[in-house]
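Each remark here refers to the structure printed beneath this line.
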Amino acid sequence: MQGSQGHVRGVAEAMERWGVPAVRTVRHEVNAASWVYWQTVRRQRAGEVVLLLRRRSGCYLVHTKAFYPAGTYRLPSGGIKPGEDLGKAVLRETAEETSLTVEVEAFLAIVQHHFVRGGNAIAFTSYLFLLEERGGTLRVADDSEAITGFRDVSLADVVALADALEAMPPAWRDWGRFRASVHRVVGEVLGTG
C-alpha cells in the first residue's frame with residue numbers, strides 16, 4: 004500500500020486523555036484525478052483532524068468554502084503536519100478555522116481510508132474529535148482556508164449531510180464520498196445513524 008500512515012505523535016496520549024476511539028476502515032474506489040490528488044496529499048500530511056464542534060447553543064458547526072459547489076457544507080477538518088502532536092493539531096486547526104476557544108470532550112473515531120485504483124491503494128487517516136465551545140467569536144483566522152460560511156446544525160443534520168456529500172456532481176464525487184464517510188461515522192458512534 005502506497006503512503007503508509009505518516010507518523011502522528013500523541014495518539015496514545017489522546018486516547019488516555021479523551022478516551023479510546025472507535026476504529027473504522029473505509030475503502031474508496033477513485034478516479035485518476037483523485038488518485039493523483041491523494042498521492043500529493045499523502046506527501047504533505049500525516050493525516051487529518053475532523054472537528055465535531057458543539058456550540059454553546061447545542062448545535063454543531065459545519066462550514067463551506069469558496070470553491071465548493073453551491074450549498075456544500077461539511078464538518079471542519081485540517082491536515083496534521085508530519086510529526087505533529089495530535090492534540091496540538093486539533094487545537095491549531097480549530098483556531099485557524101474558527102477562532103473559538105474549545106475543550107476537547109472525546110476522541111470519537113479513527114477512520115482509516117484506503118483510496119484504491121488499479122489494484123494499488125493509498126492510506127490516509129482521519130481522527131475525529133468532539134469539541135465543546137468555551138469562548139471566542141466565530142470567525143476565520145486563516146484566510147487561506149477559503150471558508151466563506153458557517154452553519155449551526157443538529158447532530159442528525161450533521162449525519163444527514165453525508166447524503167448530500169455522496170450525491171455531489173461527478174467532478175466532486177470521490178471527494179464527497181470521502182467526506183461523507185466521517186459524517187456517517189459520527190452517526191454510528193453517537194447513535195444517530
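Counting in the numbering used here, the sequence shown runs from 4 upward without gaps.
Even glycine gets a Cβ: it sits at the ideal position worked out from N, Cα and C.
A quick note: this is a predicted structure, and the numbers were derived from the prediction, not measured.
- The alpha-carbon separation between ARG30 and ASP177 amounts to approximately 11 Å.
- Only exposed fits SER60, as fewer than 16 other CB atoms lie within 10 angstroms of its CB.
- Across the set ILE113, PRO72 and ARG187, the C-alpha of ILE113 shows the shortest separation from the C-alpha of VAL14.
- Taking 8 Å as the cut-off, the Cβ atoms of SER102 and ARG142 count as close.
- Taking the Cα positions, ARG182 is about 19 Å away from LYS84.
- In summary, ALA17 is buried, with 16 or more beta-carbon neighbours lying within 10 Å of its beta-carbon over all protein chains present.
- Rounded to whole angstroms, LEU133 and THR97 show a C-alpha spacing of 12 Å.
- A Cβ-Cβ separation of about 6 Å places VAL156 in contact with TYR63 under the 8 Å criterion.
- Contact check between the segment 115-127 and the segment 34-54: three or more CB pairs, one atom from each, fall below 8 Å, which counts as touching.
- Nearest C-alpha to ARG27 among ARG58, GLN115 and VAL192: GLN115.
- PHE70 sits exposed, since fewer than 16 C-beta atoms from the chains shown fall within 10 Å of its C-beta.
- Contact check for GLU99 against ASP145 passes: the beta carbons are separated by less than 8 Å.
- In the DSSP assignment, GLN115 forms a beta bridge with THR28 and THR128.
- In this model, THR104 and GLY121 are separated by some 44 Å (Cα to Cα).
- Bounds of the beta strand (DSSP E) holding HIS66 are 63-68.
- Straight-line spacing of the CA atoms in ALA167 and VAL93 works out to 26 Å.
- If you draw a straight line from the Cα of ILE150 to the Cα of ALA170, it comes to about 21 Å.
- Judged by their CB atoms, GLU106 and ARG137 are nearer to each other than the 8 Å cut-off.
- One Cα belongs to VAL65, the other to HIS117, and the distance between them is close to 25 Å.
- In this structure, the CA atom of ASP88 is about 20 Å from the CA atom of ALA25.
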